[in-house]
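Colleague: Just dropping this structure here.
Chains as they are written, first to last, in the working numbering: chain A, 1 to 205; chain B, 1001 to 1515.
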């Protein structure tokens, strides 16, 4: 499903991502670990096409990464860069709006939004605006915006950011459940609980 | 798994886009009917109180500019058209018609919907708005300043040219955003070449080659071709770049709406990229103040090059204006040159910002290491002086140099006074912090509350300071007197700038002597 073949990124004489090779199949949850600056985010950006490789290749669904193609945008969901939010819409409105961008005004849109809000424990916060939630709740909100859409591949950069142990377990459970349904996950993380939930691991640095 | 195997209902792209717009339109602080009505009310008030009297006065007064024949007006129309085209392209590079709210753009770009489906409608609507605004502005400006509408035939030609201009401006704005730099250079060059060629043809052809009808026809045809190509480029637009532009525009809009336009403009400064280790010598010591300033300026080469051009051109125009005999053209030239030097003085140096920070923030550097003023002002003062003097040297070589104007010594004095004034105005502008609350206090007048005008003047205080200062010193009959007045005004600007940073009056001299 997603594969890196000697994927390398250098900037001048600095190596941002050493040659990395791996393959994540549908239904697998893989973690990318390593110290700060080892290239975790760079690797995820390479799969999003926002960072060009200087050597090797990255592919999604057997084709080179090209997010200009609608098929790739349909396949890949990500939480790598901060998601811009609308300050004048509630959490539920925003999650539903993302769902509507996939399902139109069909009842499914509200159903999907309601389900993911419930799963991430945001039901009681649904009527709040973004500035009215804590950092951890904002992180859960970003995850909800990412998970409410259909995707075959999900890229996450430190999904555990700002979360307490209970919420990390909640997120790990959700990732495992989605992986069982066939989604391929690649997550950069420093969190042991998430690494434990992974089927495979790419160690950088 | 492939993209096709993902379970998504086969909903039409148009329905999905409509669903998003529909839900977004129902958000919390959307514009209400009453809010829109209030905007219309304000515009109507403005038109009735300000515009109608001005239009009436213009209609009963002799025109400022006599157009003469349509053929004679064509070169000026071409010059305006090319300038508008270039300006629209430049505007599109920074804030184009496809810029939307970052959240909405993120929602759309995260889907498989083609960009044309959600950007095409916005582009068409905004281009129509801009085209209408340019048309109205062009017609109003020509009505107020020329005698183009004195007879029907001439007026129709003028209207047609204005319509062509508005169409070109709108599509050039889109082109500036959707096409890369080479495409924009191509259009800018083509616009200049076509304007030149048609002007030459108009000169040699019998009867002026069609006059303004030809201008209107060529502009309309050009707009059709450019518009068609620009709209076809929307599907291939760089979405990552559009996301960055939208995020920056959203932030700038917030700053502008809260009265700090200078913070908004700061967001459009280019990022330094070159000479990353040039500030420190190989032995680990810092380079001198002048070298540091020059290196920091060269880290943004495009901006530095623009500054050099502005300083040279500004210096030349300023000198020609100051040296010429009295009259409106001389004053306009003097002011325009000073404004160019003012703009160049900001672009040539990054150290103005350092000066403001050092005056307003807790001390970062040791006070005895060369002094704040030497460290931050050495480069901009030298660069602006050298650039302006070089521009003055260029002015001597032009055929417009007035042989019978002011004496060389007098011109030199006026040039020096203008330079000091411009540098002081730049200092005043760069020391600007947040909007002072007292500016929000109403100013009662027979024409209503004028506090809005004061806030606008505060936003562009550097420009206002330059124009007002040059206007004042130009009214003084002798060059030494004008220079003395310029120095006095400059001292007042510097004093005002220092007060903005919070430097107390009593401790000022002590602090300056320490640094």
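Cβ atoms here follow ideal geometry from the backbone N, Cα and C, with glycine treated the same way.
(1) For residue 948 of chain B, which residues of its own chain have a beta-carbon under 6 Å away from its beta-carbon, when the five flanking residues on both sides are left out?
(2) Can you tell me the Cα-Cα spacing of residue 1146 of chain B and residue 1065 of chain B, whole angstroms?
(3) Is residue 203 of chain A closer than 7 Å to residue 168 of chain A when the C-beta atoms are compared?
(4) Listed from N- to C-terminal order along the chain, which residues in the segment 74-86 of chain A have their beta-carbon within a distance smaller than 8 Å of any beta-carbon of chain B?
(5) Closer than 8 Å is the cut-off here; do at least three beta carbon pairs connect the segment 1425-1439 of chain B with the segment 1337-1356 of chain B?
(6) Mind pulling the chain A residues with CB within less than 8 Å of residue 1233 of chain B?
(7) So residue 120 of chain A and residue 145 of chain A are in contact, right, with Cβ under 8 Å, and what is the actual spacing, rounded?
(8) Determine, using beta carbons only, whether residue 1031 of chain B comes closer than 7 Å to chain A.
(9) Whole-angstrom Cβ separation of residue 1351 of chain B and residue 1376 of chain B, contact assumed at under 8 Å?
(10) Counting only Cβ pairs nearer than 9 Å, list the residues of chain A close to residue 1339 of chain B.
(11) Select from A/66, A/193, A/17, A/15 the residue whose C-alpha is nearest the C-alpha of residue 2 of chain A.
(12) Give the residues of chain A in contact with residue 1102 of chain B, contact being defined as C-beta atoms less than 8 Å apart.
(13) In the DSSP assignment, find the alpha helix (DSSP H) that holds residue 1264 of chain B and state where it starts and stops.
(14) Would you mind telling me which residues of chain A sit closer than 9 Å to residue 1180 of chain B, beta carbon to beta carbon, in chain order?
(15) Have a look at residue 152 of chain A and residue 1095 of chain B and give me their C-alpha separation to the nearest angstrom.
(16) Is there a Cβ from chain A that is less than 7 Å from the Cβ of residue 1252 of chain B?
(17) Let me know if residue 97 of chain A comes out buried or exposed under the rule of 16 or more other beta-carbons within 10 Å of its beta-carbon.
(18) Chain A beta carbons: is any one of them nearer than 7 Å to that of residue 1019 of chain B?
(19) Would you kindly work out how many angstroms separate the C-alpha atoms of residue 1334 of chain B and residue 1324 of chain B, rounded to a whole number?
(20) What residues of chain A sit near residue 1114 of chain B, judged by a beta carbon separation below 7 Å?
(21) Is DSSP giving residue 1199 of chain B helix, strand or coil here?
(22) Given a cut-off of 7 Å, decide if residue 1013 of chain B and residue 1117 of chain B are closer than it, judged by their beta-carbon atoms.
(23) Quick one: what's residue 203 of chain A bridged to in DSSP?
(24) Does the CB of residue 1464 of chain B have a neighbour CB from chain A at under 7 Å?
(25) Quick one, which of B/1043, B/1024, B/1269, B/1446 has its alpha-carbon nearest residue 1249 of chain B's?
(26) Helix, strand or coil: which one does DSSP assign to residue 1444 of chain B?
(27) Would residue 157 of chain A pass as an interface residue toward chain B - the criterion being a Cβ-Cβ separation below 7 Å?
(28) Within the chosen definition, does the segment 1041-1055 of chain B reach the segment 123-135 of chain A through at least 3 CB pairs nearer than 8 Å?
(29) Between residue 219 of chain A and chain B, is any beta-carbon pair separated by less than 7 Å?
(30) When DSSP builds the beta bridges, which residues end up paired with residue 157 of chain A?
(31) Need the endpoints of the alpha helix (DSSP H) that residue 1494 of chain B sits in, please.
(32) Whose CA, out of B/1419, B/1445, B/1475, lies closest to the CA of residue 1491 of chain B?
(33) Got a sec? Which residues, its chain only, sit under 7 Å from residue 16 of chain A by beta carbon, not counting five neighbours each side?
(34) With distances taken Cα to Cα, identify the nearest neighbour of residue 1160 of chain B among B/1171, B/1077, B/1397, B/1342.
(35) Where do the N-terminal and C-terminal ends of the alpha helix (DSSP H) with residue 1126 of chain B fall, by residue?
(36) DSSP state of residue 1104 of chain B, grouped into three classes?
Modeller: Quick look at the numbers:
(1) The structure shown does not extend to residue 948 of chain B, since chain B is modelled only from 1001 through 1515, so no value can be given for it.
(2) Taking the second chain and counting its residues from 1, one reaches residue 1146 of chain B at position 146. Taking the second chain and counting its residues from 1, one reaches residue 1065 of chain B at position 65. About 5 Å.
(3) Along the first chain, one-based indexing puts residue 168 of chain A at 168. Along the first chain, one-based indexing puts residue 203 of chain A at 203. Their beta carbons are not under 7 Å apart, which means residue 168 of chain A does not touch residue 203 of chain A by this criterion.
(4) Residues passing the 8 Å Cβ filter: 74, 75, 77, 83, 84, 85, 86.
(5) yes
(6) As a working note, residue 1233 of chain B is residue 233 in the second chain. What residue 1233 of chain B touches in chain A: nothing, since even the nearest Cβ is about 13 Å away.
(7) For this step, residue 120 of chain A is matched to residue 120 along the first chain. For this step, residue 145 of chain A is matched to residue 145 along the first chain. With a Cβ gap of about 10 Å, residue 120 of chain A and residue 145 of chain A do not count as contacting.
(8) Taking the first residue of the second chain as position 1, residue 1031 of chain B is located at position 31. The Cβ of residue 1031 of chain B sits no closer than 7 Å to any Cβ of chain A.
(9) Position 351 of the second chain holds residue 1351 of chain B. Position 376 of the second chain holds residue 1376 of chain B. Contact between residue 1351 of chain B and residue 1376 of chain B holds, with the beta-carbon distance rounding to 4 Å and staying under 8 Å.
(10) Stepping through the second chain from its first residue, residue 1339 of chain B is reached at position 339. Those within 9 Å of residue 1339 of chain B in chain A number zero; the least Cβ separation is about 37 Å.
(11) Translated into the one-based positions of the first chain, residue 2 of chain A becomes position 2. Measuring from the Cα of residue 2 of chain A, the nearest candidate turns out to be A/66.
(12) As a working note, residue 1102 of chain B is residue 102 in the second chain. Within chain A, the residues near residue 1102 of chain B are 84.
(13) Taking the first residue of the second chain as position 1, residue 1264 of chain B is located at position 264. Annotation: the continuous alpha helix (DSSP H) that includes residue 1264 of chain B extends over 1261-1266.
(14) Within the second chain, residue 1180 of chain B is the residue found at index 180, counting from 1. Ordered by position in chain A, no residue passes the 9 Å Cβ test against residue 1180 of chain B, which lies about 14 Å from the chain.
(15) The residue labelled residue 152 of chain A in the question sits at position 152 within the first chain. The residue labelled residue 1095 of chain B in the question sits at position 95 within the second chain. Rounded to whole angstroms, residue 152 of chain A to residue 1095 of chain B spans 35 Å at the Cα level.
(16) If you number the second chain from 1, residue 1252 of chain B lands on position 252. Chain A, which has no Cβ nearer than 7 Å to the Cβ of residue 1252 of chain B, makes this no.
(17) In the first chain, residue 97 of chain A corresponds to position 97, counting from 1. With 16 or more Cβ atoms within 10 Å of its Cβ, residue 97 of chain A is classed as buried.
(18) Here residue 1019 of chain B refers to the residue found at position 19 when the second chain is read from its first residue. Interface residue, yes.
(19) What you label residue 1334 of chain B is simply residue 334 of the second chain in a count that begins at 1. What you label residue 1324 of chain B is simply residue 324 of the second chain in a count that begins at 1. Residue 1334 of chain B and residue 1324 of chain B have their C-alpha atoms some 9 Å from each other.
(20) Residue mapping note: residue 1114 of chain B aligns to position 114 of the second chain, counting from 1. Within chain A, the residues near residue 1114 of chain B are 70.
(21) Along the second chain, read from residue 1 onward, the residue named residue 1199 of chain B stands at position 199. In this structure, residue 1199 of chain B counts as helix in the three-state DSSP scheme.
(22) As a working note, residue 1117 of chain B is residue 117 in the second chain. As a working note, residue 1013 of chain B is residue 13 in the second chain. It is a contact, given that the beta carbons lie within the stated cut-off.
(23) Taking the first residue of the first chain as position 1, residue 203 of chain A is located at position 203. Bridge partners of residue 203 of chain A: A/33.
(24) Here residue 1464 of chain B refers to the residue found at position 464 when the second chain is read from its first residue. Not one chain A Cβ lies under 7 Å of residue 1464 of chain B.
(25) Residue numbering aside, residue 1249 of chain B sits at position 249 when the second chain is read from its first letter. Ranking B/1043, B/1024, B/1269, B/1446 by Cα distance to residue 1249 of chain B puts B/1269 first.
(26) Here residue 1444 of chain B corresponds to residue number 444 of the second chain, with the count starting at 1. Here residue 1444 of chain B sits in coil by DSSP.
(27) As a working mapping, residue 157 of chain A is identified with position 157 in the first chain. Residue 157 of chain A does not count as touching chain B.
(28) no
(29) One cannot answer for residue 219 of chain A here, as it falls past the ends of chain A, which runs 1 to 205.
(30) By 1-based counting over the first chain, the position of residue 157 of chain A is 157. A/188, per the DSSP bridge assignment.
(31) As a first step, residue 1494 of chain B must be located in the second chain, where it is residue number 494. It spans 1479-1500 - the alpha helix (DSSP H) in which residue 1494 of chain B sits, taken as one unbroken run.
(32) Here residue 1491 of chain B is taken as the residue at index 491 of the second chain, counted from 1. Among B/1419, B/1445, B/1475, the Cα nearest to that of residue 1491 of chain B belongs to B/1419.
(33) If you number the first chain from 1, residue 16 of chain A lands on position 16. Taken in chain order, the residues that qualify are 9, 10, 39, 42.
(34) To locate residue 1160 of chain B, count along the second chain from 1; it is residue 160. Of B/1171, B/1077, B/1397, B/1342, the residue nearest in Cα terms is B/1077.
(35) Counted from its first residue, the second chain places residue 1126 of chain B at position 126. Where residue 1126 of chain B is concerned, the enclosing alpha helix (DSSP H) stretches over 1115-1145.
(36) For the purposes of this step, residue 1104 of chain B is identified with residue 104 of the second chain, where counting begins at 1. DSSP places residue 1104 of chain B in helix when its eight states are reduced to three.
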